[in-house]
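Everything below concerns the one structure shown next.
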Amino acid sequence: MAEERILEQRKEKVEKLKELGYEPYAYRYEVNAKAGELLQRFGKVKSEEEREKEELPKDELSLAGRIMSMRIMGKAAFFHIQDESGRIQCYIRRDTVGADFYNKVFKKLIDIGDIVGVRGTLFRTRTGELTLEVKELIPLTKSLRPLPEKWHGLKDTEKRYRQRYLDLIVNPEVRDIFRTRTKVIKKIREFLDSRGFIEVETPILQPIASGAAARPFITHYNALDIDVYLRIAPELYLKRLLVGGFERVYELGKNFRNEGISTRHNPEFTMVEWYMAYADYNDLMEMTEELFEFLLDEIFGKGVREIEYQGTKISFERPFRRISYLGELSKKTGLTEEELLHDEEKVLAKAKELGIEKAEELSHFKRVQELFEALVEPELIQPTFVIDFPKAISPLAKEKRGNPELVERFELFIFGREIANAYTELNNPKEQEERFKQQLEEKAKGDEEAMEYDADFITALEYGMPPTAGEGIGIDRLVMLFTDKDSIREVLLFPQLRPEKRCGEEICEVEPEKKEE
RNA sequence: GGGCCCGUAGCUCAGCUGGUAGAGCAACGGACUUUUAAUCCGUAGGUCGGAGGUUCGAAUCCUCCCGGGCUCACCA
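In the working numbering, the protein residues as written are 1354 to 1870.
Now the structure itself:
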């Protein structure tokens, strides 16, 4: 293999560097400048007049980074080094660094991909590119494997995800996605902190996985000899904190759901959930609008209220549209709200008409939800709050004032996707107990995702949880929206992939075939 | 899990109406002191994802398997 040969050649170069007294894996290097900052400060191309007048700083700069390209032209050479901030060209001449170093070290032992330190001064080439004239070059880390191609980068999606570090080295726009991700998370914290919320950490290993409708991952805790679950949501723990007297809490972290992987689902994903005492879902809608305004200001620039996602303009002008769950569904189905709530036959007929799979097996309100997902959600392109959901599919939300069949709940949809989910929280222990029991019945009927009964949570509510509103936002999908990405994998540094089978033939023969479930 | 598509050199890709593999970049040797997808001359590099099958002959056709992408289902 060509790669094997390159590996061998480079390992030899490591030895030769050592022989010549260089450390191929150095310890430290004093850096006083960043490529990106220099480029930003001194611009890239200038008119001739400007260039004549231009005075670049004469002080010696030292930078460190990875060599990304190289053009050797006899007794001088150009190369680009890339640090975290960007890529700057360097110029090295035999007569400046010495013939020995230039011929024996630079030309023979330094490769594209190596990490080096360079010291020198800035100048501008004939074509106007800002360039560092190298007075000294120090090898810092030898790279043994060849980098992907300089022009086309790395395109193979599988390789990009499995070896994300290569993707990050070679595709600068990928680094930007993750910078944005970090910023989104940071700014959400800032927003909540500034409003008096405290960030808390609740268990990821839970004896009962509740708080959402999803299948959990199971693991075993040896010391207690019990099975525990990776949390599917932190909700019930956060509410216990409100019982305990914290009035504004939030948690930003991972949830785990043992379900399919797709462009919109990763088994571990990041959520922020916050709970605010003495508030209801109306307050949260306003707060959500404010949060979006804040994020847009911080990420896209002050006052920006429109972004483009997958070729569609999305406007975040307040107030966001508000529609009622049943009202909208009534418009789309032609059934009245009364029929949607109570006429099982008509709803079933409609579900069948739309070709909803296994419609017969679903409970009435699951069918209604199916209708909603099929008919309403795809049309919610601009930010829209859907409000007042049926009680039966919202076991943790409080009854709507004036309508006991609905709950005070909203979901925020953008581009047909659910971004946020919020309720006026149910804090009546007796009713919560009944709702849990209903979930148990659903479970008994075969709904694997019905919510688990959490008796300790009921006990907590019996001590009294203040009136509270709570909301959760899926961070990954939010980042997708802000980075214009259509796959969740593009916004996860290391998305879940099936492990590669990388075994020798012998090992594979010994390994038993995995049985299909 | 179902459907459709993809897997050829380290990377990006050609070759696919069957006749045992090509290019550019990267690598190696050489020329070149302001190049920038540097250029020029030369060299090396592949069990064509894996296993079977059809055939005189398979990267190419068929089957199964592995991995990936999109999509549907479940969900956030």
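From the three backbone atoms N, C-alpha and C, an ideal C-beta is built for every residue, glycine too. Note that the structure is a prediction, hence the values are computed from the model and not measured.
Contact annotation, T1484 with I1468: C-beta distance approximately 19 Å; criterion of less than 8 Å not satisfied.
Taking 8 Å as the cut-off, the beta carbon of A1773 is found no closer than this to the beta carbon of T1616. For the pair K1753 and E1761, the Cα-to-Cα distance works out to about 5 Å. The alpha carbon of M1629 has as its nearest neighbour, out of L1749, Y1574, A1808 and L1545, the alpha carbon of L1545. Counting along the chain, the unbroken beta strand (DSSP E) around K1488 starts and ends at L1483 to T1494. Within its own chain, no residue has a Cβ closer than 8 Å to the Cβ of N1635 once the five positions on either side in sequence are excluded. Listed as beta-bridge partners of Q1442 by DSSP are H1433 and T1484. The alpha carbon of I1841 has as its nearest neighbour, out of R1658, T1510 and P1560, the alpha carbon of T1510. As the crow flies, the alpha-carbon of L1749 is around 45 Å from that of E1437. Non-local C-beta neighbours of D1633 in its own chain, meaning closer than 6 Å and more than five positions away in sequence, comprise T1777 and A1822, ordered along the chain. Sequence-distant partners of F1570 (beyond 5 residues in either direction) whose C-beta falls short of 6 Å from its own C-beta, in its chain, are L1583, F1609 and N1611.
Between the alpha carbons of L1507 and R1548 lies a gap of roughly 43 Å.
P1743 is bridged by DSSP to L1759.
At a Cβ-Cβ threshold of 8 Å, I1676 and V1739 count as neighbours. Taking the Cα of G1598 as reference, the smallest distance to any Cα among F1622, R1358, F1431 and P1819 is reached at P1819. K1411 has its alpha-carbon roughly 33 Å from the corresponding atom of L1521. The three-state reading of DSSP puts H1573 in strand, counting E and B together.
Where N1635 is concerned, the enclosing alpha helix (DSSP H) starts and stops at Y1634 to F1653. When secondary structure is reduced to three states using DSSP, V1553 falls in the coil class, being assigned neither helix nor strand. Segment contact: the region 1601 to 1608 against the region 1802 to 1811, fewer than three CB-CB distances shorter than 8 Å; contact not assigned. By the C-beta criterion, the region 1446 to 1459 is judged to be in contact with the region 1424 to 1437, since at least 3 inter-stretch pairs fall below 8 Å. Judged by DSSP secondary structure, I1522 falls within the alpha helix (DSSP H) whose first and last residues are R1517 to V1523. Around the C-beta of F1766, 16 or more other C-beta atoms lie within 10 Å, and the residue is accordingly described as buried. Judged by DSSP secondary structure, D1580 falls within the beta strand (DSSP E) whose first and last residues are I1579 to L1583. Just so you know, the alpha carbons of R1381 and G1470 end up roughly 10 Å apart.
If you look at V1450, you'll find it in the alpha helix (DSSP H) that goes R1447 to V1450.
Between the C-alpha atoms of E1787 and L1679 there is a straight-line separation of about 24 Å.
For I1828, the enclosing alpha helix (DSSP H) starts and ends at I1828 to T1836. The distance from the Cβ of I1465 to that of I1530 is about 25 Å, inconsistent with a contact at the 8 Å cut-off. Assigned with DSSP and collapsed to three states, Y1662 falls in strand.
By DSSP's assignment, W1627 forms a beta bridge with Y1603 and E1824. With distances taken between CA atoms, I1541 lies nearest to D1650 out of Y1375, D1650 and K1371. A1452 has its alpha-carbon roughly 10 Å from the corresponding atom of K1460. The three-state secondary structure of E1405, taken from DSSP, is helix. Taking the C-beta atoms as reference points, Q1435 is found no nearer than 8 Å to A1379.
Here I1667 is actually not in contact with P1499; their C-beta atoms are around 41 Å apart, not less than 8 Å.
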